[in-house]
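Protein chains in written order, with the UniProt record's numbering: chain A, 1 to 337; chain B, 1 to 324.
Positions of the beta carbon are idealized from the N, C-alpha and C atoms, including for glycine.
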Amino acid sequence: MAGFIGRRILWGALVLLLVAVITFFLSRVVPADPAAFLAGQNASEETVARIRAEHGLDQPMLLQFRDYATGLVQGDLGESIRTRRPVAQDMAQFLPATLELLLVSFAAYLVLSLSLAILAVRRPGGAMDGAVRLFTMLGTGIPVFWLGMALQFVFYYKLQWFPLGARFPIREIAPPEVTGFLLVDCLIAGNPGAFVSALQYIALPALTVVLNLLAVGTRMSRAALLAERERLYVRTARGKGLSPRQVLFGHMLRNALSPILTVTTIQFGYLLSWVILVEVIFDWPGIGLYAFQSFQVFDYSPVIALALVSTFGFVVLNLLADLLYPVIDPRVEAVTS
Amino acid sequence: MLEVENLTVSFSGRDGRAVAVDGISFSVAAGETFVIIGESGSGKSLTGMAIAGLAPEGARVGGAIRFDGQDVVGLPDARMRRVRGRQIGIVYQDPLGALNPVHTVGDQIAEALRVHGLARGREAMARAVSLLERVRIPDPARVARSYPHQISGGMRQRAVIAMAVACNPKLLIADEPTTALDVTIKAQVLDLLRDLKAELSLTTLLITHDMGVVAEVADRILVMYAGTVVEVGPAASLMDRPAHPYTSVLLASAMMAEAPPQTALTVVPGGTPPLGAMPEGCRFHPRCPRATARCRAEVPVLRGVGGGQAACHHPLVETPEDAL
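The following block contains the structure:
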């Protein structure tokens, strides 16, 4: 088991290294000059050259990479040309907003996809099942960027039910920062009013992130549960005198969790990318928006940092999933040990 | 104890209804071992599952099944659940499939006790261990902690049997309990079933396709063919002097196992007719060596022949014993 985890961590480190190499060289082969951009339209050749030298952009590419990689292993993600601050510092500032959106969406995804799937399979072919299937069909087809704009138009512009463009109302006093997660900080401060305000701000972005994933996830969970209905152990459980509910929750659900976990891991990858996209659409002040704004001025270090952070998140989740399989299904034990 | 009257099990398909069990009747007396024998597709397992209220989804069950004086056909599921597992224990054909792979063997046995309120928590688990001991599993505490994939096929079937008898049921339905097991284990499981029957004064309904199994345990035998009863009677007379040609060929093919090598193999040509295309008259006539024009036209009814009853126009044993 320890060997398995060790091997997995090594693999994860290798993946991170590859992502660093690829994103670094991609950013350098793009035919754009951040120094020229930074210097402004009327800057002289000398100014641009000076700025280029300041940021080490005049060095050979391999030398630049050596410097970048040396910093990287020491936790230095480089410096942002735009904010003139260390990228690590910027990331630390914007990461909680992203994590909050990510975790709220992920929790909503897990709870809702499982609940809808369970409601659907209680009576396959019934009205609830039909409604769930219709939802999954519609939800799968809706593009995230379109949905984000549609939700903004309806709930912000027309109905004015939900606010937009920040994490918290400007006119209200934000709770003292403890965890960086606003919802949690509001609760720590014992301020339910602020909690509701924060919830209103996160509702639309989270809904946008989750809806498309939810459709696919619900369909997969429903299929996994339906497959379990046919298994012989279900008849045995009924033969013992268990009610349909007891059979579903006590027997089928745990068996269906392995395929559901597989789908969840894949969905988490999409979740990461949708969060970044939605941050841009909703002006959500997280690392996605930060990287997007940096990218517009050819400030590459934040973009590479974003790629590394999201890769890290995906690697960690995959490791967690691999550790969960044997917990869910004892037959997997032999594979991991 | 158990009276089955005109039981039908049918499925609706694209070409109308397919009748898998076509109006069979029999009764099982308390304490006896009643065997239903037939080829695959004869409807024997479906009959057993219908009695337990476990007919597959989409099946329509008709007729009457009186268990302990109560008709269980059409009984609401909530009421049937109190009978199932509690009054009727079931042993299944494929013990690996029948056990839930993600729960320990002990948990699955204890659950049977818990759901009927017979034991709780640690006590249920302790009783599960003693049940495993009762079905002669060595080191029952360890097996109780094991998952189904960690124990042998024979042990799995013993665990399923322990689960079936956990609540001390009156009736044990054993659906092909030895089919998935190899020969030595098969004998042990049959011995176990016989001993449990005596210890717990069980009534047993054994469903099988294997005449060898029947000979060891049966009090009475019912032979099914294509959803109907072809012969029913006391085990001894039915096996000594079968009245129906089908019973006779079944017995002959079972004897082959004990016959000296080089003996020509007797086989029944053909197979069970498909549900949608039942032959007119006697359903066995296309495969029957004794078939006549009458067999092709007229459906035979069960009547007293030999020691029991047979549905045949030309039985091998003509007069009923009690008429002698």
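{"query": "Over the uninterrupted beta strand (DSSP E) stretch that includes B:LEU205, give me the two end residues.", "result": "203-208"}
{"query": "Any idea if A:GLN296 is buried or exposed, counting beta-carbon neighbours within 10 angstroms, 16 or more meaning buried?", "result": "exposed"}
{"query": "In the DSSP assignment, what are the bridge partners of B:ILE65?", "result": "B:VAL4"}
{"query": "For my contact list, A:THR47 and A:ALA39 are in at a C-beta cut-off of 8 Å; report their separation, rounded to the angstrom.", "result": "5 Å"}
{"query": "Which residues in the same chain have their Cβ closer than 8 Å to the Cβ of A:PHE282, if we skip the five residues on either side of it in sequence?", "result": "GLY148, GLN152, LEU164, GLY165, LEU204, PRO205, THR208"}
{"query": "What are the start and end residues of each continuous beta strand (DSSP E) run of 3 or more residues lying completely inside the region 198-285 of chain A, in chain order?", "result": "none"}
{"query": "Near B:LEU324, which residues of its chain fall below 6 Å by C-beta distance, leaving aside the five closest residues on each side in sequence?", "result": "Low local confidence applies: a pLDDT of 48 at B:LEU324 is under 50, so the model's placement there is unreliable, and no value is given."}
{"query": "Which of the three DSSP states is assigned to B:GLY58 in this structure?", "result": "coil"}
{"query": "Taking the beta carbon of A:GLN160 as the centre, do at least 16 other beta carbons fall within 10 Å, making it buried, or is it exposed?", "result": "exposed"}
{"query": "Less than 7 Å between the beta carbons of A:LEU319 and A:ARG8, yes or no?", "result": "yes"}
{"query": "In chain A, what lies closer than 7 Å to B:LEU54 by C-beta?", "result": "ARG235, ARG238, GLY239"}
{"query": "Say the cut is 6 Å; is the CB of A:ALA227 nearer than that to a heavy atom of the ligand GTP?", "result": "The ligand GTP is absent from the structure shown, which contains no ligands of any kind."}
{"query": "Going along the chain, which residues of its own chain have a beta-carbon closer than 8 Å to the beta-carbon of B:LEU113, five neighbours each way excluded?", "result": "ALA119, ALA124, ARG127, ALA128, ALA166, CYS167"}
{"query": "I'd like the span of the alpha helix (DSSP H) that includes B:ASP195, first residue to last.", "result": "183-199"}
{"query": "Just the chain A side, please: which residues come within less than 8 Å of B:LEU163 by C-beta, in chain order?", "result": "A quick correction: the sequence has Met, not Leu, at residue 163 of chain B. Near B:MET163 (Cβ distances below 8 Å), the residues of chain A are THR236, LYS240."}
{"query": "Throw me the rounded Cβ distance for the residue 345 of chain A and B:VAL102 pair, which I believe falls under 8 Å.", "result": "Here chain A has residues from 1 to 337 only, and residue 345 of chain A is not among them."}
{"query": "When Cβ atoms are compared, which residues of the region 100-123 of chain B fall closer than 7 Å to chain A?", "result": "ASN100, PRO101, VAL102, GLU111, ALA112, VAL115, HIS116"}
{"query": "To which residues of the same chain is A:GLU279 closer than 6 Å at the C-beta, ignoring the five residues directly before and after it?", "result": "GLY286, GLY288, LEU289"}
{"query": "In chain order, what residues of the same chain have a beta carbon less than 8 Å from the beta carbon of A:PRO86, not counting five sequence neighbours either side?", "result": "ASP76, LEU77, GLY78, GLU79, SER80"}
{"query": "Closest to B:ALA310 by CA distance: which of B:MET224, B:GLY276, B:PRO279, B:LEU251 is it?", "result": "B:MET224"}
{"query": "Please classify A:LEU62: does DSSP put it in a helix, a strand, or coil?", "result": "helix"}
{"query": "Could you check where the alpha helix (DSSP H) with B:PRO245 kicks off and where it finishes?", "result": "245-255"}
{"query": "Report buried or exposed for B:MET155, applying the criterion of at least 16 other Cβ atoms within 10 angstroms of its Cβ.", "result": "buried"}
{"query": "Of the choices A:ASP90, A:ALA194, A:LEU16, A:TYR201, whose alpha-carbon is the least far from that of A:SER301?", "result": "A:ASP90"}
{"query": "Return no unless some Cβ of chain B is closer than 7 Å to the Cβ of A:ASP67.", "result": "no"}
{"query": "Which of the three DSSP states, helix, strand or coil, is assigned to A:GLY40?", "result": "coil"}
{"query": "DSSP beta-bridge partners for B:ASP175?", "result": "B:ILE207"}
{"query": "In this structure, how does DSSP classify A:ALA20 when only helix, strand and coil are distinguished?", "result": "helix"}
{"query": "If contact means a Cβ-Cβ distance below 9 Å, which residues of the region 76-90 of chain B contact chain A?", "result": "ASP77, ALA78, MET80, ARG81, ARG82, VAL83, ARG84, GLY85, ARG86, ILE88, GLY89, ILE90"}
{"query": "I'd like to know if the region 220-240 of chain B and the region 290-297 of chain B are in contact, where contact means that at least 3 CB-CB pairs between them fall below 8 Å.", "result": "no"}
{"query": "Would you give the residue range spanned by the beta strand (DSSP E) that B:GLN309 belongs to?", "result": "308-310"}
{"query": "Can you check whether the CB of B:GLU231 is closer than 7 Å to the CB of B:THR208?", "result": "no"}
{"query": "How far does the beta strand (DSSP E) with B:MET224 in it reach, from first residue to last?", "result": "220-225"}
{"query": "Quick check: what's the CA-CA separation for residue 361 of chain A versus B:ILE51?", "result": "The structure shown does not extend to residue 361 of chain A, since chain A spans only 1 to 337, so no value can be given for it."}
{"query": "When burial is assigned at 16 or more other CB atoms within 10 Å of the CB, is A:ILE5 buried or exposed?", "result": "exposed"}
{"query": "Excluding five sequence neighbours on each side, which residues of the same chain lie with their C-beta closer than 8 Å to the C-beta of A:PHE314?", "result": "PHE268, GLY269, LEU272"}
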